[in-house]
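Student: Each step along the sequence shown adds one to the number in the working numbering, with nothing skipped, and position 240 is 240. Before I ask anything, let me first share the structure, which is written out below as C-alpha coordinates.
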Amino acid sequence: MKQRRMIMVVFAAFLFSLPSVVLAQEQKPVWEIGFGVGAIYIPDYRGSDEGRVYALPYPYFVYRGDIIKVDRQTITGKIFKTDRVLLDVSFYGSVPVDSDKNDARAGMEDLDPSFEIGPALDITIWKNHENKFALKVNLPVRAVFSTDFKSVTYEGWIISPRLNLEKGDVIPGTGLNLGVSVGPIFADNGYHDYFYTVEPAYATLWRPAYNAKGGYSGTTLTVGLSKVYKRLRMNAFASADFLRGAVIDDSPLVKRETSLMGGVSIAWVFFQSKDMV
1 MKQRRMIMVV FAAFLFSLPS VVLAQEQKPV WEIGFGVGAI YIPDYRGSDE GRVYALPYPY
61 FVYRGDIIKV DRQTITGKIF KTDRVLLDVS FYGSVPVDSD KNDARAGMED LDPSFEIGPA
121 LDITIWKNHE NKFALKVNLP VRAVFSTDFK SVTYEGWIIS PRLNLEKGDV IPGTGLNLGV
181 SVGPIFADNG YHDYFYTVEP AYATLWRPAY NAKGGYSGTT LTVGLSKVYK RLRMNAFASA
241 DFLRGAVIDD SPLVKRETSL MGGVSIAWVF FQSKDMV
(Lines of atoms letter the chains of each structure in order from A and count residues from 1; the text may use other names and numbers.)
(Lines give C-alpha, C1' and ligand atoms only; values in the text may rest on other atoms or scores of the structure.)
Protein backbone atom coordinates (compact mmCIF):
# COMPACT_ATOMS: atom_id res chain seq x y z
CA MET A 1 0.00 0.00 0.00
CA LYS A 2 2.81 2.42 0.88
CA GLN A 3 4.60 1.65 -2.38
CA ARG A 4 1.37 2.23 -4.28
CA ARG A 5 1.03 5.68 -2.71
CA MET A 6 4.62 6.46 -3.66
CA ILE A 7 3.98 5.34 -7.22
CA MET A 8 0.98 7.67 -7.40
CA VAL A 9 3.10 10.61 -6.21
CA VAL A 10 5.88 9.90 -8.69
CA PHE A 11 3.29 9.19 -11.37
CA ALA A 12 1.96 12.72 -10.98
CA ALA A 13 5.48 14.17 -10.98
CA PHE A 14 6.37 12.43 -14.22
CA LEU A 15 3.05 13.22 -15.82
CA PHE A 16 3.41 16.93 -15.29
CA SER A 17 7.19 17.41 -15.48
CA LEU A 18 6.95 19.77 -18.45
CA PRO A 19 7.75 23.44 -18.94
CA SER A 20 4.70 25.47 -17.92
CA VAL A 21 3.71 27.68 -20.86
CA VAL A 22 3.41 31.40 -20.20
CA LEU A 23 0.22 32.87 -21.65
CA ALA A 24 0.09 36.56 -22.36
CA GLN A 25 -1.68 38.64 -19.75
CA GLU A 26 -3.91 35.72 -18.73
CA GLN A 27 -5.06 35.73 -15.14
CA LYS A 28 -5.50 32.43 -13.35
CA PRO A 29 -7.17 31.37 -10.09
CA VAL A 30 -4.96 31.39 -7.00
CA TRP A 31 -5.92 27.76 -6.42
CA GLU A 32 -7.70 24.94 -8.26
CA ILE A 33 -8.91 21.58 -6.95
CA GLY A 34 -10.06 18.71 -9.10
CA PHE A 35 -9.71 15.08 -10.05
CA GLY A 36 -7.87 13.47 -12.94
CA VAL A 37 -7.00 10.20 -14.61
CA GLY A 38 -3.91 9.40 -16.59
CA ALA A 39 -1.70 6.73 -18.06
CA ILE A 40 2.06 6.73 -18.27
CA TYR A 41 4.81 4.37 -19.37
CA ILE A 42 7.96 4.59 -17.21
CA PRO A 43 11.15 2.53 -17.71
CA ASP A 44 12.22 0.71 -14.56
CA TYR A 45 15.26 3.00 -14.59
CA ARG A 46 17.11 5.00 -17.23
CA GLY A 47 18.76 2.47 -19.54
CA SER A 48 16.44 -0.40 -18.69
CA ASP A 49 14.81 -2.34 -21.52
CA GLU A 50 11.82 -3.04 -19.30
CA GLY A 51 9.20 -0.73 -17.89
CA ARG A 52 5.67 -0.49 -16.58
CA VAL A 53 2.43 1.17 -17.63
CA TYR A 54 0.65 2.93 -14.78
CA ALA A 55 -2.97 3.95 -15.21
CA LEU A 56 -4.14 5.74 -12.10
CA PRO A 57 -6.52 8.38 -10.82
CA TYR A 58 -4.89 11.33 -9.09
CA PRO A 59 -5.93 14.44 -7.20
CA TYR A 60 -5.48 17.66 -9.18
CA PHE A 61 -4.28 20.58 -7.09
CA VAL A 62 -2.76 23.87 -8.21
CA TYR A 63 -1.72 26.68 -5.89
CA ARG A 64 -0.18 29.89 -7.22
CA GLY A 65 0.93 31.60 -4.02
CA ASP A 66 3.60 34.25 -3.59
CA ILE A 67 5.98 31.85 -1.81
CA ILE A 68 4.79 28.29 -2.47
CA LYS A 69 3.59 27.11 -5.87
CA VAL A 70 2.12 23.70 -6.66
CA ASP A 71 1.56 23.10 -10.37
CA ARG A 72 2.14 20.73 -13.29
CA GLN A 73 5.89 21.01 -13.02
CA THR A 74 6.76 20.51 -9.35
CA ILE A 75 6.18 21.75 -5.85
CA THR A 76 8.38 24.82 -5.53
CA GLY A 77 9.22 27.20 -2.73
CA LYS A 78 10.30 30.64 -3.88
CA ILE A 79 13.54 31.91 -2.32
CA PHE A 80 14.36 34.86 -4.56
CA LYS A 81 12.74 36.37 -7.66
CA THR A 82 13.31 39.21 -10.13
CA ASP A 83 11.76 39.82 -13.55
CA ARG A 84 14.15 37.33 -15.15
CA VAL A 85 15.64 35.23 -12.34
CA LEU A 86 13.86 32.89 -9.93
CA LEU A 87 15.56 30.83 -7.22
CA ASP A 88 13.31 28.20 -5.69
CA VAL A 89 13.23 24.70 -4.24
CA SER A 90 12.12 21.78 -6.41
CA PHE A 91 11.28 18.13 -5.86
CA TYR A 92 11.34 14.98 -8.00
CA GLY A 93 11.29 11.20 -7.59
CA SER A 94 11.43 7.71 -9.08
CA VAL A 95 9.29 4.60 -8.75
CA PRO A 96 10.38 1.41 -6.92
CA VAL A 97 11.68 -1.52 -8.97
CA ASP A 98 11.00 -5.18 -8.16
CA SER A 99 14.18 -6.94 -9.33
CA ASP A 100 12.29 -10.21 -9.76
CA LYS A 101 10.33 -8.49 -12.55
CA ASN A 102 13.40 -7.09 -14.31
CA ASP A 103 15.62 -9.59 -16.14
CA ALA A 104 18.76 -7.43 -15.96
CA ARG A 105 18.43 -7.15 -12.15
CA ALA A 106 17.24 -10.71 -11.47
CA GLY A 107 18.55 -11.89 -8.10
CA MET A 108 19.66 -8.41 -7.03
CA GLU A 109 18.14 -6.29 -4.30
CA ASP A 110 15.02 -4.31 -5.18
CA LEU A 111 15.31 -0.59 -5.84
CA ASP A 112 13.41 1.44 -3.28
CA PRO A 113 11.55 4.54 -4.47
CA SER A 114 13.69 7.65 -4.43
CA PHE A 115 13.00 11.34 -4.05
CA GLU A 116 15.06 14.40 -4.90
CA ILE A 117 15.12 17.86 -3.35
CA GLY A 118 17.27 20.91 -3.96
CA PRO A 119 17.53 24.49 -5.22
CA ALA A 120 16.80 25.42 -8.82
CA LEU A 121 17.78 28.62 -10.61
CA ASP A 122 15.34 29.61 -13.37
CA ILE A 123 16.59 32.28 -15.81
CA THR A 124 14.35 33.80 -18.47
CA ILE A 125 16.44 34.50 -21.57
CA TRP A 126 13.64 35.82 -23.75
CA LYS A 127 9.91 36.27 -23.23
CA ASN A 128 7.33 37.73 -25.63
CA HIS A 129 3.83 38.03 -24.15
CA GLU A 130 2.23 39.03 -27.44
CA ASN A 131 3.49 35.90 -29.21
CA LYS A 132 3.11 33.75 -26.09
CA PHE A 133 6.72 32.60 -26.28
CA ALA A 134 9.43 32.13 -23.68
CA LEU A 135 12.95 30.73 -23.64
CA LYS A 136 14.39 29.81 -20.24
CA VAL A 137 17.34 28.07 -18.63
CA ASN A 138 16.66 25.96 -15.56
CA LEU A 139 19.59 24.94 -13.32
CA PRO A 140 18.51 22.47 -10.60
CA VAL A 141 20.85 20.76 -8.14
CA ARG A 142 19.15 18.06 -6.06
CA ALA A 143 20.15 15.64 -3.34
CA VAL A 144 18.79 12.13 -3.89
CA PHE A 145 17.36 9.92 -1.15
CA SER A 146 15.84 6.43 -1.18
CA THR A 147 13.36 5.09 1.33
CA ASP A 148 11.89 1.76 2.36
CA PHE A 149 9.29 3.69 4.40
CA LYS A 150 11.15 2.73 7.58
CA SER A 151 14.27 4.81 7.02
CA VAL A 152 15.73 7.28 4.53
CA THR A 153 19.16 6.86 2.90
CA TYR A 154 21.17 9.53 1.12
CA GLU A 155 22.21 8.23 -2.31
CA GLY A 156 24.03 11.16 -3.91
CA TRP A 157 23.32 14.24 -5.99
CA ILE A 158 22.21 15.08 -9.51
CA ILE A 159 22.52 18.21 -11.68
CA SER A 160 20.22 18.49 -14.69
CA PRO A 161 20.41 21.88 -16.47
CA ARG A 162 17.62 22.43 -18.97
CA LEU A 163 16.88 24.73 -21.88
CA ASN A 164 13.11 25.22 -21.89
CA LEU A 165 11.11 26.54 -24.85
CA GLU A 166 7.50 27.45 -24.15
CA LYS A 167 4.97 28.42 -26.84
CA GLY A 168 1.33 29.17 -26.13
CA ASP A 169 -1.36 28.65 -28.79
CA VAL A 170 1.20 26.92 -31.01
CA ILE A 171 -1.51 26.32 -33.65
CA PRO A 172 -3.26 29.72 -33.71
CA GLY A 173 -6.80 29.61 -32.41
CA THR A 174 -6.60 26.13 -30.89
CA GLY A 175 -5.34 27.04 -27.41
CA LEU A 176 -2.83 24.20 -27.71
CA ASN A 177 0.37 24.90 -25.76
CA LEU A 178 3.81 23.43 -26.48
CA GLY A 179 6.71 22.86 -24.10
CA VAL A 180 10.14 21.53 -25.12
CA SER A 181 12.92 20.81 -22.63
CA VAL A 182 16.43 19.53 -23.39
CA GLY A 183 19.63 19.23 -21.40
CA PRO A 184 22.38 17.01 -20.00
CA ILE A 185 22.39 15.18 -16.68
CA PHE A 186 25.38 14.92 -14.35
CA ALA A 187 25.48 12.80 -11.19
CA ASP A 188 27.99 11.65 -8.61
CA ASN A 189 29.15 8.08 -8.11
CA GLY A 190 26.68 7.60 -5.24
CA TYR A 191 23.66 8.23 -7.48
CA HIS A 192 25.05 6.03 -10.26
CA ASP A 193 26.04 3.37 -7.74
CA TYR A 194 22.44 3.07 -6.54
CA PHE A 195 21.09 2.32 -10.02
CA TYR A 196 23.98 0.81 -12.01
CA THR A 197 26.60 -0.84 -9.77
CA VAL A 198 26.72 -4.66 -9.70
CA GLU A 199 28.31 -5.90 -6.49
CA PRO A 200 30.53 -9.03 -6.80
CA ALA A 201 27.95 -10.99 -4.78
CA TYR A 202 25.40 -10.41 -7.56
CA ALA A 203 27.76 -11.01 -10.50
CA THR A 204 26.92 -13.80 -12.95
CA LEU A 205 28.35 -15.05 -16.25
CA TRP A 206 26.07 -12.67 -18.12
CA ARG A 207 26.19 -9.85 -15.55
CA PRO A 208 29.79 -9.07 -14.51
CA ALA A 209 30.63 -7.02 -11.45
CA TYR A 210 30.60 -3.30 -12.16
CA ASN A 211 31.50 -0.21 -10.14
CA ALA A 212 29.68 2.92 -11.32
CA LYS A 213 31.51 6.24 -11.53
CA GLY A 214 30.31 9.81 -11.31
CA GLY A 215 30.08 12.16 -14.28
CA TYR A 216 28.00 12.67 -17.41
CA SER A 217 24.76 10.69 -17.16
CA GLY A 218 23.17 11.31 -20.56
CA THR A 219 20.86 13.86 -22.14
CA THR A 220 17.10 14.21 -21.80
CA LEU A 221 14.64 15.60 -24.36
CA THR A 222 11.01 16.14 -23.37
CA VAL A 223 8.14 17.42 -25.54
CA GLY A 224 4.76 18.19 -24.03
CA LEU A 225 1.39 19.49 -25.16
CA SER A 226 -1.32 20.95 -22.95
CA LYS A 227 -4.74 22.48 -23.42
CA VAL A 228 -7.30 24.08 -21.14
CA TYR A 229 -10.95 23.80 -22.15
CA LYS A 230 -13.35 25.36 -19.67
CA ARG A 231 -12.74 23.24 -16.53
CA LEU A 232 -10.80 20.49 -18.28
CA ARG A 233 -6.99 20.30 -18.15
CA MET A 234 -5.46 18.01 -20.79
CA ASN A 235 -1.78 17.04 -21.06
CA ALA A 236 0.39 14.69 -23.09
CA PHE A 237 4.15 14.25 -23.20
CA ALA A 238 6.96 12.12 -24.58
CA SER A 239 10.49 11.99 -23.20
CA ALA A 240 13.73 10.35 -24.33
CA ASP A 241 16.93 9.75 -22.36
CA PHE A 242 20.05 9.33 -24.50
CA LEU A 243 22.77 7.43 -22.62
CA ARG A 244 25.39 7.04 -25.36
CA GLY A 245 28.66 8.45 -24.06
CA ALA A 246 27.47 8.47 -20.45
CA VAL A 247 29.85 7.14 -17.81
CA ILE A 248 27.37 4.35 -17.01
CA ASP A 249 26.63 3.19 -20.57
CA ASP A 250 28.95 0.18 -20.08
CA SER A 251 27.09 -1.03 -16.99
CA PRO A 252 25.60 -4.52 -17.54
CA LEU A 253 22.35 -3.07 -16.19
CA VAL A 254 22.12 -0.60 -19.09
CA LYS A 255 20.31 -2.49 -21.83
CA ARG A 256 19.26 0.45 -23.99
CA GLU A 257 21.13 3.62 -24.88
CA THR A 258 17.79 5.36 -25.45
CA SER A 259 15.03 5.19 -22.83
CA LEU A 260 11.55 6.34 -23.79
CA MET A 261 8.75 7.52 -21.56
CA GLY A 262 5.35 9.02 -22.28
CA GLY A 263 1.96 9.74 -20.82
CA VAL A 264 -1.41 11.43 -21.14
CA SER A 265 -3.80 12.86 -18.58
CA ILE A 266 -7.07 14.70 -18.26
CA ALA A 267 -8.31 16.48 -15.16
CA TRP A 268 -11.56 18.19 -14.26
CA VAL A 269 -11.46 21.21 -11.95
CA PHE A 270 -14.55 21.36 -9.75
CA PHE A 271 -13.43 24.06 -7.29
CA GLN A 272 -11.36 27.17 -7.90
CA SER A 273 -10.75 30.45 -6.11
CA LYS A 274 -12.48 33.67 -7.06
CA ASP A 275 -9.23 35.57 -6.53
CA MET A 276 -7.00 35.70 -9.61
CA VAL A 277 -3.24 36.17 -10.08
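Beta carbons are placed, not taken as given, at the ideal position from N, Cα and C, and that holds for glycine. What you are looking at is a predicted structure, and each value in this text was computed from that prediction instead of being measured.
1. Rounding to the nearest angstrom, what Cα-Cα distance links Arg-231 and Asp-44 in this structure?
2. What three-state label does DSSP hand Lys-101 in the structure shown?
3. Does DSSP put Asn-177 in a helix, a strand or coil?
4. Considering Gly-118, what are the terminal residues of the beta strand (DSSP E) in which it resides?
5. Could you say which of Trp-126, Gly-168 and Pro-113 lies nearest to Val-144 if we only look at CA atoms?
6. The beta strand (DSSP E) that contains Asn-189, what's its start and end?
7. Nearest by alpha-carbon distance to Trp-126: which of Ile-158, Phe-91, Leu-163 and Asn-189 is it?
8. Whole angstroms is fine: what's the gap from Tyr-41's alpha carbon to Gly-190's?
9. For Val-254, count neighbouring C-beta atoms within 10 Å of its own C-beta (all shown protein chains included) and say buried if the count is 16 or more, exposed if not.
10. Could you say which of Glu-116, Tyr-58, Ala-104 and Ala-106 lies nearest to Phe-91 if we only look at CA atoms?
11. Any Cβ of chain D within less than 8 angstroms of the Cβ of Ile-158?
12. Per the DSSP calculation, Gly-224 is bridged to which residue(s)?
13. For the beta strand (DSSP E) holding Val-144, just list the boundary residues, first then last.
14. What are the start and end residues of the beta strand (DSSP E) that includes Gln-272?
15. Across which residues does DSSP place Lys-167 in a beta bridge pair?
16. Between His-192 and Arg-84, what straight-line distance do the alpha-carbon atoms span, to the nearest angstrom?
17. Take every Cβ of the region 167–174, pair it with every Cβ of the region 198–208, and state whether three or more of those distances are shorter than 8 angstroms.
18. Just confirm the distance between the C-beta atoms of Tyr-194 and Ser-146, as a whole number of angstroms; I'd bet it's less than 8 angstroms.
Tutor: So, from the data block:
1. Locating residue 231 in the sequence shown gives position 231, where the first residue counts as 1. Locating residue 44 in the sequence shown gives position 44, where the first residue counts as 1. Cα-Cα distance, rounded: 34 angstroms.
2. Within the sequence shown, numbered from 1, the residue matching residue 101 stands at position 101. Here Lys-101 sits in helix by DSSP.
3. For this step, residue 177 is matched to residue 177 along the sequence shown. The answer is strand: DSSP assigns Asn-177 an E or B state.
4. By 1-based counting over the sequence shown, the position of residue 118 is 118. First-last of the beta strand (DSSP E) with Gly-118: 114–128.
5. The residue given as residue 144 occupies position 144 in the sequence shown. The residue with the shortest Cα to Cα distance from Val-144 is Pro-113.
6. Against the sequence shown, residue 189 aligns to sequence position 189. From DSSP, Asn-189 is part of no beta strand (DSSP E) but of the alpha helix (DSSP H) over 189–196.
7. Here the question's residue 126 lines up with position 126 in the sequence shown. Checked all of Ile-158, Phe-91, Leu-163 and Asn-189; the closest Cα to Trp-126 is Leu-163.
8. Sequence index remark: in the sequence shown, residue 41 carries index 41 (1-based). Sequence index remark: in the sequence shown, residue 190 carries index 190 (1-based). Between Tyr-41 and Gly-190, the C-alpha separation is close to 26 angstroms.
9. Taking the sequence shown and counting its residues from 1, one reaches residue 254 at position 254. Buried.
10. In the sequence shown, residue 91 corresponds to position 91, counting from 1. Closest in C-alpha terms to Phe-91, from the list Glu-116, Tyr-58, Ala-104 and Ala-106, comes Glu-116.
11. Of the protein chains in the structure, only one exists, and it is not chain D.
12. Counted from its first residue, the sequence shown places residue 224 at position 224. DSSP output for Gly-224 lists Gly-179 and Phe-237 as bridge partner(s).
13. The count along the sequence shown starts at 1 and reaches residue 144 at position 144. Its beta strand (DSSP E) spans residues 133–147.
14. Translated into the one-based positions of the sequence shown, residue 272 becomes position 272. Counting along the chain, the beta strand (DSSP E) containing Gln-272 begins and ends at 258–272.
15. In the sequence shown, the residue the question calls residue 167 occupies position 167. Looking at the DSSP assignment, Lys-167 forms a beta bridge with Phe-133 and Leu-178.
16. Here residue 192 refers to the residue found at position 192 when the sequence shown is read from its first residue. Here residue 84 refers to the residue found at position 84 when the sequence shown is read from its first residue. Approximately 33 angstroms, taken between the alpha carbons.
17. no
18. For the purposes of this step, residue 194 is identified with residue 194 of the sequence shown, where counting begins at 1. For the purposes of this step, residue 146 is identified with residue 146 of the sequence shown, where counting begins at 1. 7 angstroms between Cβ atoms; contact.
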